Amino acid sequence: MGGTLSAGTLNATSQINVGGGQAIKRLNSTTLEIGDANDGIDVAGSTSRFGIGSSAGYTDIGGYFNGIYGFGGSPSGNEFFPQLVGRFGRGTVQAPGSPLMNDVLFSVRGGGRSGNGWSFSDAKISFVATENWTTNAWGSRIDFDTVIPGTTTSSRTLSITNTGLGIRTTDPSDLLDIATNGGNLRFGSAGCAANTTVAIGLNGP
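Sequential numbering of the sequence shown, starting at 2, is according to the working numbering.
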């Protein structure tokens with residue numbers, strides 16, 4: 002059986018069309034739209050894409066799905082074991098591919114309001130592939146980036162790999178690899194005794 006069903010509009014553009022001032026809902030065999038004058042939520046089944054705030058896009062946007070903003074309160078969870086999981090694949094939703102070396106698998110970023118917009122070069126923790134992934138090869142590392150005060154550019158501060166801990170290097174060659182460019186390494190604090198010993202080696206001093 003063919004035909005269309007419309008309410009609040011004489012110009013049905015799909016099988017079910019509901020219109021009325023600020024609210025528009027449309028449904029056909031490939032698309033679901035729930036929105037207002039400023040657009041809302043769009044689901045395109047034919048391309049397996051999902052859009053928020055755009056009735057024309059539903060395009061892949063570099064892994065940025067949505068932002069979560071909190072003002073003056075804190076969200077509460079449940080009693081179950083909580084997890085924050087991010088998975089990355091090349092290709093498309095219909096035909097996903099394996100990550101390649103240096104692909105960012107997941108990232109946690111912290112930013113804030115800056116002038117008339119939100120910051121995008123922030124302190125962050127990134128989970129990065131260290132090889133081309135296969136069924137039996139899932140090599141990865143964890144990178145920490147920070148922003149120097151007075152600038153807007155983030156830089157790599159720390160990396161953790163299967164080899165060790167790298168400070169200002171993403172490829173530590175030992176358990177602890179510190180890459181410096183004329184800087185000093187200082188061990189101790191204001192509370193250390195005058196005869197404090199720093200031991201480097203397997204058997205101590």
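All C-beta atoms, glycine included, are put in the ideal place defined by N, C-alpha and C.
Computed from a predicted structure; not experimentally measured.
Margin query: Taking 8 angstroms as the cut-off, does the stretch 111 to 126 touch the stretch 141 to 148 (at least 3 CB pairs, one atom from each stretch)?
Written below: yes
> Does DSSP put residue 86 in a helix, in a strand, or in coil?
Replying inline: coil
Margin query: For a quick check, are the C-beta atoms of residue 156 and residue 171 less than 8 angstroms apart?
Written below: no
- Thinking residue 102 and residue 130 are a contact (beta carbons under 8 angstroms), I'd like their distance in whole angstroms, please. Right, the Cβ-Cβ distance comes to about 6 angstroms (below 8 angstroms), so this counts as a contact.
If I follow the unbroken beta strand (DSSP E) through residue 1, where does it start and stop? The displayed coordinates of the chain run from 2 to 206. Any statement about residue 1 would go beyond what the structure contains.
(request) Measure the alpha-carbon distance for residue 99 versus residue 88 and round it to whole angstroms. (result) 11 angstroms
Which of helix, strand or coil does DSSP assign to residue 70?
Any reading at residue 70 needs caution, since the residue's pLDDT is 48, under 50, leaving its predicted position unreliable; the model's value is listed next. Looking at residue 70 - three-state DSSP - the assignment turns out to be coil, as it is neither helix nor strand.
**OP:** Tell me whether residue 119 is buried or exposed, calling it buried when 16 or more other Cβ atoms sit within 10 Å of its Cβ.
**Re:** exposed
Q. With respect to the beta strand (DSSP E) encompassing residue 111, which residues constitute its N-terminal and C-terminal limits?
A. 105 to 111
If we call anything under 8 angstroms between Cβ atoms a contact, is residue 108 one with residue 153?
no
6 angstroms CB neighbourhood of residue 133 in its chain, flanking five on each side removed:
101 and 102
Original post:
What span of residues does the beta strand (DSSP E) with residue 148 cover, start to end?
Top reply: 141 to 148
_According to DSSP, residues forming a beta bridge with residue 98_ = 91
Practice prompt. Starting from the C-beta of residue 110, find all residues in its chain whose C-beta is less than 6 angstroms away, skip the five residues before and the five after it, and write them out in chain order.
Written response: 123 and 125
Notebook entry, point to check: What did DSSP end up calling residue 178 once you bin it into helix, strand or coil?
Noted result: When DSSP states are grouped into helix, strand and coil, residue 178 belongs to the strand group.
So who's on the other strand from residue 157, going by DSSP bridges? 146
Quiz item: Near residue 164, what residues of its chain come up, given a Cβ to Cβ distance below 6 angstroms and the 5 sequence neighbours on each side ignored?
Solution: 173
### Query
If you drop the 5 nearest sequence neighbours on each side, which residues of the same chain put their C-beta closer than 8 angstroms to that of residue 104?
89, 91, 129 and 130
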